[in-house]
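When the count follows numbering that gives the first Met the number 0, it moves up by one through the sequence shown with no breaks and lands on 375 for the last residue.
Note that the Cβ used here is the ideal one computed from N, Cα and C, for glycine as well.
Values in this document were obtained by computation on a predicted structure and should not be read as measured data.
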Amino acid sequence: MGPNCNHMISETPEWKKFKSLSIDGRKRSLHEWRAHAQQQLQEGYGIGELEDILEFVVDWSNTKDWIQARTSGSTGRPKNIKIKKEHILASAKRTLDFLALKPGDSALLCMPNRFIGGKMMIARSIIGDLDLHIADTTATPELPNGKSIDFAAVVPMQLYNITEDPAASEQWKKVKKIIVGGGQVDPRLDERVSNWPNEIYESFGMTETISHVALRRINGAERNTPFMVLEGIEIDKDERDCLIIKSDLLPENPLITNDIIRLENDRSFHWVGRADNMINSGGVKVIPEVIEKLAKPYLNTNFFFAGLKDEKLGERVVLIIESQPLSETDQTDLIEDLRRDLHKHELPKDILYLDAFAETENGKLNRAKTLKLLPK
């Protein structure tokens, strides 16, 4: 090499150092898993339940420094975004550390790989050297026979369905650590699992934060604690009381959200609602998520509060219920019940009914689309 040649030796990115995955107790290099999938396909067997995992394996082990993920569409149109592998690595490490998961622990994948929640379960298994097991992505996922599971992630609907099934509940109580993500956990669901013997956490995050940045314990002696932010994440709030997330290991830093919060301290917060759902009725700001929690005991079907244009108030509060219209007597009784817990400006001026609400791709309520279904 000549004296003027000053070649820079590029350092291997850390994510490239994670090259193997254990599935159902069988550990192979990512390259071997890719070859296995190719062979299965050539022989006409298909790869069945491995398909989602192997799709991620291919994405992780290629030369690109990013993978593609799909947003859920709960705060806008679903879209595909590119996520850097170094950010996925950082996110996986945060969760593994918080939950004290160690190499050889077993993990369960029971959510679709196209969303970040599914991708991150596979990434955590590669990065944490966990033994990954696969369950069908059904509404009530079944645990693999004879396997002890240390860690699983579910969406609120799956946990609700599990609690509805006594046999499933008994099995899932044996899963040591469960995180619930992809939507807000209903207080009544909190209550259903409050005495379960394992550790269950509600997660806070979005595709843009590479899965969750905070966790909240929802059962056991530590239940009802605020969301605790994970290592390497800093939080603040803006003039709207909306959460600001700061970290060099996030794609956008700082990330200014539309999530209204109440700060407990610089490491924890309580989630209140979404600024984009806020109703301004006659100059009074009403947060739908707050009054929805208060109204839950009086309704046993899906519902939500929203603001509709009003000549006098700017927006009037309405209650939209997914059901056939209540009788006049039942509707009057409902208003009387609500009057006990809601302020007068929070009470609905109208009650509207729809046969079915619009949902996002991964089953969350799509408020904006549902409002468009209302008769003009």
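Does the distance from the CB of residue i to the CB of residue j come in under 7 Å?
{"i": "Ile244", "j": "Val212", "result": "yes"}
{"i": "Thr94", "j": "Met110", "result": "no"}
{"i": "Ile232", "j": "Ile217", "result": "no"}
{"i": "Leu341", "j": "Ile290", "result": "yes"}
{"i": "Asn279", "j": "Glu314", "result": "yes"}
{"i": "Val154", "j": "Gly181", "result": "yes"}
Around the C-beta of residue i, are 16 or more other C-beta atoms found within 10 angstroms, so that it is buried, or is it exposed?
{"i": "Asn433", "result": "No information on residue 433 is available, as it lies outside the stretch 0 to 375 that the chain covers here."}
{"i": "Gly103", "result": "exposed"}
{"i": "Leu373", "result": "exposed"}
{"i": "Asp51", "result": "buried"}
{"i": "Asp96", "result": "exposed"}
{"i": "Gly24", "result": "exposed"}
{"i": "Gly282", "result": "exposed"}
{"i": "Gly127", "result": "buried"}
{"i": "Glu345", "result": "buried"}
{"i": "Glu201", "result": "buried"}
{"i": "Ser246", "result": "buried"}
{"i": "Gln157", "result": "buried"}
{"i": "Arg215", "result": "buried"}
Between which two residues does the alpha helix (DSSP H) containing residue i stretch?
{"i": "Leu158", "result": "155–163"}
{"i": "Leu333", "result": "327–340"}
{"i": "Ser124", "result": "115–127"}
Quick test of your reading: residue i and residue j, contact by CB under 8 Å. State the CB separation rounded to the nearest angstrom.
{"i": "Val376", "j": "Ile148", "result": "With the chain running from 0 to 375 in the structure shown, residue 376 is simply not present."}
{"i": "Gln183", "j": "Leu142", "result": "Wrong, their Cβ atoms sit about 25 Å apart, outside the cutoff."}
{"i": "Ala151", "j": "Ile177", "result": "5 Å"}
Measuring alpha carbon to alpha carbon, tell me which of the options ends up nearest residue i.
{"i": "Leu40", "options": "Leu29, Leu53, Gly272", "result": "Leu53"}
{"i": "Arg239", "options": "Leu262, Leu248, Thr224", "result": "Leu262"}
{"i": "Met119", "options": "Ser210, Lys343, Asp237, Asn257", "result": "Ser210"}
{"i": "Leu88", "options": "Leu325, Lys16, Thr162", "result": "Lys16"}
{"i": "Thr224", "options": "Gly181, Ile234, Trp270", "result": "Trp270"}
{"i": "Thr369", "options": "Pro165, Asn197, Arg123, Phe302", "result": "Phe302"}
{"i": "Lys375", "options": "Leu353, Glu358, Lys363, Leu364", "result": "Leu353"}
{"i": "Leu107", "options": "Gln38, Ile121, Arg339, Ile115", "result": "Ile121"}
{"i": "Asn144", "options": "Ala167, Arg123, Glu163, Leu158", "result": "Ala167"}
Kindly say whether residue i, judged by its beta-carbon, lies nearer than 7 Å to any beta-carbon of chain B.
{"i": "Glu335", "result": "The structure shown contains no chain B; it is built from a single protein chain."}
Which two residues bound the contiguous beta strand (DSSP E) that contains residue i?
{"i": "Ser19", "result": "19–22"}
{"i": "Trp65", "result": "65–69"}
{"i": "Lys16", "result": "Unbroken run through Lys16: none, as it is neither H nor E."}
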